[in-house]
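Participant: There's a structure below that I have some questions on.
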């Protein structure tokens, strides 16, 4: 995981300037308002200045009458924005992708740790087109008044929900207080600069859940409550930041940038203490908790820290302030994402600051806890930030990488290439069925199998989540998929999750979006599995 260091020092090295410039687009300059302001000075923009002014007017109009949530689009897009025209919307989307694909320009382009990785991985793409766009998951609702925050541009596991989504959807937000503990004012369009000597940063972990006591006529009313405010924690979390979230139906884990995690009892009665423990597992400066996986049956946590360690924590033997680390794996690189084999919870898939991903068996003896004793997944060209293991087929694994590609693997054939590799832009509405050769998708920050393993989903750093049916992919031998779903929005995707609904007859897809005016939580629900191909008839 790249360290974020901002500087205006003109003597900074060229390499440092490169790192600063490239991550700035993903972290800050892609925010829709800032992005539009920058387009005014961009002579290569597809949009005219008058069209950009029209977009600002649409944003202002949206803000003036924005509800807490909506499920009826009524002439707007899925985020409630009424674009000046479809043509303007298309130009905006193409500008977003154009700037992401710029190379070697200050403050432009997708971030990469390994130069030219996106160009090299193109040689391995064997799935590059599709027949039709379809909606496996139908738009259900957009919660448009939520403020979801992101601190690190590469860590995107910040939206969590358990197997029972009615217990809540969890996400973090940050706020500032001055020396008199007054909350600082903010504005959607002009959020003012805060002097770090005058203001302290805190975070909240919020829960969005069904409001069973509501008397409103709104369908499926929801309520919002704060589960955790870092200002009230026993330990000094004054400057702390949330790095990752994960949960079960009764337990929420909040990873921090200080190398720790916070355990929260989500079933605690309102008004009672719900923080079970505040734990530190990595005390080094670079000990950020990158990812956490809960192994419920073993009552164990797998914690991936930026200090190049994976730690297995025994929840049964951990006290309120001390985590009981039962096993430690030291690696030659930082691990950014973990996934557990549901059929064999001792097997662990992980990806990180290395071009390869790995599988290890945690039952190995203490003297052999190295990746040399595991299995290697080779083929990506940059660092990895997402991976998942099929919940219903232990041989299928998926990885997403900063090189802009997604790979599906067969555990039995890891000595060979991945089964399929496709670009993250596959399915993008603005590119068409066969894509545009000069435009590549952005870095992949999330990959997930659906709850029952029937679908594979991935999220680009910005603006796009793609979904393809697993079985259709496995049966494909032409390089052209029959169907794909594209969910296009504006903003940074900070997390995706699937959860069963309707007694496991259906599924809900949750997408967290960070953007000053357009952020919130998107909800999609699975339609009929037997849905026929769109405009495709067989005789």
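In our numbering, the protein residues as written are 39 to 577. From the three backbone atoms N, C-alpha and C, an ideal C-beta is built for every residue, glycine too.
Do you know how far the Cα of residue 189 is from the Cα of residue 212?
Facilitator: Spanning the two alpha carbons is a distance of roughly 9 angstroms.
Participant: Out of 250, 314 and 251, which one is the CA nearest neighbour of residue 634?
Facilitator: In the structure as shown, the chain starts at 39 and stops at 577, and residue 634 therefore has no counterpart that could be examined.
Participant: Measure the CB-CB distance between residue 533 and residue 243 and report whether it falls below 7 angstroms.
Facilitator: No.
Participant: Below 8 angstroms on the Cβ atoms is my contact criterion, and I expect residue 205 with residue 284 to pass it. Report the Cβ-Cβ distance as a whole number of Å.
Facilitator: With 8 angstroms as the limit, residue 205 and residue 284 do not qualify as a contact, their Cβ atoms being about 14 angstroms apart.
Participant: Would the region 482 to 493 count as touching the region 448 to 459 if we require 3 or more Cβ pairs under 8 angstroms?
Facilitator: With the cut-off at 8 angstroms, the region 482 to 493 and the region 448 to 459 do not touch.
Participant: Name the DSSP bridge partner or partners of residue 64?
Facilitator: The partner list for residue 64 (beta bridge, DSSP) is empty, contrary to what the question assumes.
Participant: Roughly how many angstroms lie between the CA atoms of residue 350 and residue 295, to the nearest whole one?
Facilitator: Going from the Cα of residue 350 to the Cα of residue 295 covers about 18 angstroms.
Participant: Could you please give the first and the last residue of the uninterrupted alpha helix (DSSP H) stretch that includes residue 138?
Facilitator: 124 to 138 is the span of the alpha helix (DSSP H), which, as asked, contains residue 138.
Participant: Nearest to residue 260 by CA position, among 178, 200 and 107, is which residue?
Facilitator: Checked all of 178, 200 and 107; the closest Cα to residue 260 is 107.
Participant: Given a threshold of 16 other Cβ atoms within 10 Å of its Cβ, counted over all protein chains shown, does residue 72 qualify as buried or as exposed?
Facilitator: The residue in question, residue 72, is exposed, as its Cβ has fewer than 16 Cβ neighbours within 10 Å.
Participant: Could you pull the DSSP bridge partners for residue 317 from this structure?
Facilitator: BP columns for residue 317 point to 299.
Participant: If I follow the unbroken beta strand (DSSP E) through residue 94, where does it start and stop?
Facilitator: That residue, residue 94, is in no beta strand (DSSP E); its alpha helix (DSSP H) goes 87 to 102.
Participant: Based on the DSSP secondary-structure assignment, which residues constitute the bridge partners of residue 329?
Facilitator: DSSP, once it has assigned bridges, lists 342 as partnering residue 329.
Participant: So is residue 424 buried or exposed if we call it buried at 16+ other beta carbons inside 10 Å?
Facilitator: Its Cβ being crowded by 16 or more others within 10 Å, residue 424 is buried.
Participant: Three Cβ pairs or more, each shorter than 8 angstroms: is that satisfied between the region 72 to 84 and the region 149 to 158?
Facilitator: Touching, no.
Participant: Does DSSP classify residue 608 as helix, strand or coil?
Facilitator: There is simply no residue 608 to check, as the chain begins at 39 and stops at 577 in what is shown.
Participant: Can you grab the Cα-Cα spacing for the pair residue 542 / residue 200, in whole Å?
Facilitator: Spanning the two alpha carbons is a distance of roughly 13 angstroms.
Participant: With which residues is residue 502 paired in a DSSP beta bridge?
Facilitator: Note: residue 502 sits in a beta bridge opposite 526.
Participant: Going by DSSP in three states, residue 191 sits in which element: helix, strand or coil?
Facilitator: Looking at residue 191 - three-state DSSP - the assignment turns out to be coil, as it is neither helix nor strand.
Participant: Span of the beta strand (DSSP E) holding residue 376?
Facilitator: Looking at the DSSP string, the run of the beta strand (DSSP E) that includes residue 376 is 373 to 379.
Participant: Once DSSP output is grouped into helix, strand and coil, what is the label at residue 393?
Facilitator: Here residue 393 sits in coil by DSSP.
Participant: Out of 520, 385 and 369, state which residue places its alpha-carbon closest to the alpha-carbon of residue 336.
Facilitator: Answer by Cα proximity: 385.
Participant: For residue 266, count neighbouring Cβ atoms within 10 angstroms of its own Cβ and tell me buried if that reaches 16, exposed if not.
Facilitator: Under this definition residue 266 is a buried residue.
Participant: For residue 323, which of helix, strand or coil comes out of DSSP?
Facilitator: In the structure shown, residue 323 sits in coil (DSSP, three-state: anything other than H, G, I, E or B).
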